[in-house]
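Enquirer: Here the sequence shown stands for residues 1 to 542, where the numbers follow full-length UniProt numbering.
We treat Cβ as the ideally placed atom computed from N, Cα and C, and that holds for glycine.
Source: prediction; values computed, not measured.
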Amino acid sequence: MRAPLRRLPLNGPRALGLRHCSTSSKAPTTPASEAQANASEPRLRFAPSPTGFLHLGGLRTALFNYLLARKWGGRLLLRIEDTDQSRLVPGAVDALRRTFDWAGIEYDEGPGIGGYGPYVQSERLDLYREAAEKLIETDNAYECFCTPDELAAIRVSLAKKGRLGYDGRCRHLSRDDVRTRKEAGHPYTIRFKSKQEKETLPDDLVFGAAQPNVTGTGADDFIMMKTDGWPTYHLASVVDDHAMRISHVLRGEEWLPSVTKHHQLYRAFGWSPPAFAHLPLLVNADGTKLSKRTGDVHVERYAERGYEPEAMLNFLALLGWDYHSAKREGAMKELEEVFSLTELVDAFDVGGITHRRAAVSLSKLDYINRMTLRRKATSPAPKEEGRASLVARFHADLRAEPTLAASPLVEDTEYVGRVFDMELERVTRLNEMPDAAAVYFLDPDYAAEGPRAMKAKLKQDAYTDSVSTVIEQLEGRGELTTQGAWDAIHATFNKLAYKKKEITMSLRHALTGRPQGPTVAEIMSVLGRERSLARLRTALAE
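(1) Decide if the stretch 335-351 is in contact with the stretch 87-99; the criterion is three or more beta carbon pairs, one per stretch, under 8 angstroms apart.
(2) Is it the case that the Cβ atoms of K195 and Q85 are separated by a distance below 8 angstroms?
(3) Can you tell me whether A35 is helix, strand or coil according to DSSP?
(4) Which same chain residues end up closer than 8 angstroms to residue 543 when comparing Cβ atoms and leaving out the 5 residues on each side of it in sequence?
(5) Go to G165, then tell me how far its alpha helix (DSSP H) extends in each direction, as first and last residue.
(6) In whole angstroms, what is the alpha-carbon distance linking G528 and A388?
(7) With a threshold of 6 angstroms on Cβ separation, who are the neighbours of F64 within its own chain once the five nearest residues in sequence on each side are excluded?
(8) For I489 versus A539, is the C-beta distance shorter than 8 angstroms?
(9) Using only the alpha-carbon positions, how far apart do E414 and R508 sit?
(10) When you compare only the Cα positions, how much space is there between G517 and D421?
(11) Between the stretch 137-146 and the stretch 103-113, do three or more beta carbon pairs fall short of 8 angstroms?
(12) For the structure I just gave you, are there three or more beta carbon pairs, one from the stretch 393-400 and one from the stretch 432-447, closer than 8 angstroms?
(13) Given a cut-off of 8 angstroms on the beta-carbon distance, is the pair R124 and L77 in contact?
(14) Could you spell out where the beta strand (DSSP E) holding V249 opens and where it closes?
(15) Could you give the distance in angstroms between the alpha-carbon of K289 and the alpha-carbon of G57?
(16) Between A406 and the ligand ATP, is the CB less than 7 angstroms from at least one heavy atom?
(17) Measuring CB to CB, does L54 end up less than 8 angstroms from T99?
(18) Counting Cβ pairs, one atom from each stretch, are 3 or more of them under 8 angstroms apart for the stretch 220-231 and the stretch 188-204?
(19) May I ask you to list the residues that DSSP assigns as paired with I190?
(20) Could you please give the first and the last residue of the uninterrupted beta strand (DSSP E) stretch that includes H278?
(21) Give the single residue among S157, A141, L344, P90 whose Cα lies nearest to the Cα of R171.
(22) Does the Cβ-Cβ distance between D443 and R535 come in under 8 angstroms?
(23) Using alpha carbons as the reference points, say which of L59, R43, R87, V178 lies closest to Y116.
(24) Would you check if there are 3 or more beta carbon pairs closer than 8 angstroms linking the stretch 492-512 to the stretch 460-468?
(25) Along the chain, where does the alpha helix (DSSP H) containing F493 start, and where does it finish?
(26) Enumerate, from N- to C-terminal direction, the unbroken alpha helix (DSSP H) stretches of 4 or more residues contained entirely within the stretch 393-455.
(27) For V299, which three-state DSSP category applies?
(28) Near G306, what residues of its chain come up, given a Cβ to Cβ distance below 8 angstroms and the 5 sequence neighbours on each side ignored?
(29) Count the other CB atoms within 10 Å of the CB of G110; is the residue buried (16 or more) or exposed (fewer)?
(30) How big is the Cα-Cα spacing for residue 555 and A377?
(31) So V406 and L398 are in contact, right, with Cβ under 8 angstroms, and what is the actual spacing, rounded?
(32) With H, G and I counted as helix, E and B as strand and the rest as coil, what does DSSP make of W72?
(33) Does the Cβ of H262 have 16 or more other Cβ atoms within 10 Å, making it buried, or fewer, making it exposed?
(34) Quick check on DSSP: helix, strand or coil for L265?
(35) Is L319 near L362, with beta carbons less than 8 angstroms apart?
(36) Quick one: Cα of S532 to Cα of M371, how far?
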């Protein structure tokens, strides 16, 4: 097994985080009435392998399944596909739940909830063994006793003929021969008897009839059960999708080469297959495939960096879905690029999923996150979802920063709100705001290197005259507004012969000690008359 995942703190836990995996080793029997009631209900599933943190492509697959389940009035299942025990990472399932919780994606059935469980494949091994034995009995599968060395030799031999896979030599073993080898303790796999004749497959909901890498014929007799008695993905996913009455399978484009195998399995069992929709791959800007091994694809990293979950879902929805199609159809004419989850459910349609590979642009995510913050701040949503929730988070971040927490202004709720409103337009993520807003809570340290270097570039006469004149202007005014601050600055422009930039940079240094930030008038309006005057006088005395 790989090293365990460390637990990464995300926003507050919900009920999803309290769901625990079933420990039952036997699948419960589904009541006939329940099965009949759900027979025509759309049932979709997200079935990740617990091999690490959830990556962007995985969350997008979960999101698309969630959106369609909600839009169609169906159910979303979470199934843990852990049959490849060599790749399991301890803590991965908990990390998945935390990510779902953070993103706000709720499943209807899964580990600990629902009537078609267990929803963890390692707890369903008996079902897979029974299914494999059934295929042997119907002459659709057979035991293969080839050793690793024999298989390697077969591959070399086939490669010389331009072929891949397995030559099917164990297909023809008699039942007596099979029995003798089993009694002797020879290890074996169970292979499916692939049909070599070409067949017409149902259209893919995304790619249609032109499904790349889908031949319509079985390439070789693939392994369904390994020598350790565990199933491969092909058998386990088909058995589970049938047993859990899955109606639609949305999964990544990388599974297109397996479509023929899965349809042949459904036919061999005598089952009706679900509708398949394969989602386009996510790629880097240069067209290369995103890799789970690179840090920038893990969803928890984005949560840690402070992206809003609504922005992440919005961003992922646009990777492979043409939202313009919803506008063209007329039902969502007012739709823009930034949506709420409810708006996404209303607008989303499987027909809008494109088969073009989608390039991940982090600048687009930044843009959507900025727009999401502004939308939340101006939304008439309940207190816990709108501006008040953002201000509360900003307030908590201020208190968590020891230097800022020492300022008594941090406990002035009304003042904190004014600072929030001023800085909102200037940040991409909310957790950037404390650093940007420090100038409102901490008086400038004019002796520090940055302020000293800034002042050294300014003309001393312009500095002294500008600061003195603004002090005179403010002393004759009442409480300061942005317009009042502008009036004081414009009066200074009119009185002094210096360039406007010389005046404003002098004032910026005196008020903040920083060369960049909001306009001088905006800074003064947030600080207020008395704090502005105090800083200006201190700067003049330096």
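Expert: On the basis of the coordinates in this document:
(1) Judged by Cβ distances under 8 angstroms, the stretch 335-351 makes no contact with the stretch 87-99, as fewer than three pairs qualify.
(2) Result no, Cβ atoms of K195 and Q85 do not sit closer than 8 angstroms.
(3) For A35, the pLDDT reaches just 34, beneath the cut-off of 50, and the residue's location in the model is therefore unreliable, although a value from the coordinates is still provided. It is helical.
(4) Lying outside 1 to 542, the shown extent of the chain, residue 543 is not represented and no answer is given.
(5) Element bounds for G165: n/a, residue is neither H nor E.
(6) 22 angstroms
(7) L250
(8) no
(9) The alpha-carbon atoms of E414 and R508 are separated by roughly 24 angstroms.
(10) 14 angstroms
(11) no
(12) yes
(13) no
(14) Per DSSP, V249 belongs to the beta strand (DSSP E) from 248-252.
(15) 11 angstroms
(16) For the ligand ATP, the structure offers nothing, since it holds no ligand at all.
(17) Yes. Within cutoff.
(18) yes
(19) E143, M225
(20) 275-279
(21) Residue nearest to R171 within the set S157, A141, L344, P90 is A141 (criterion: CA-CA distance).
(22) yes
(23) R43
(24) Taking 8 angstroms as the limit for Cβ pairs, the verdict is that the stretch 460-468 does touch the stretch 492-512.
(25) 482-495
(26) Scanning the stretch 393-455 for uninterrupted alpha helix (DSSP H) segments of 4 residues or longer gives 402-405, 413-423, 433-436, 438-441, listed from N- to C-terminal end.
(27) helix
(28) R429, L430, N431, E432
(29) By the 10 Å Cβ count, G110 comes out buried.
(30) Only positions 1 to 542 of the chain appear in the structure, and residue 555 is not among them; the question remains open.
(31) The question names Val, but residue 406 is Ala in the sequence shown. With 8 angstroms as the limit, A406 and L398 do not qualify as a contact, their Cβ atoms being about 11 angstroms apart.
(32) Correct three-state label for W72: coil.
(33) buried
(34) helix
(35) no
(36) Computed Cα separation, rounded: 31 angstroms.
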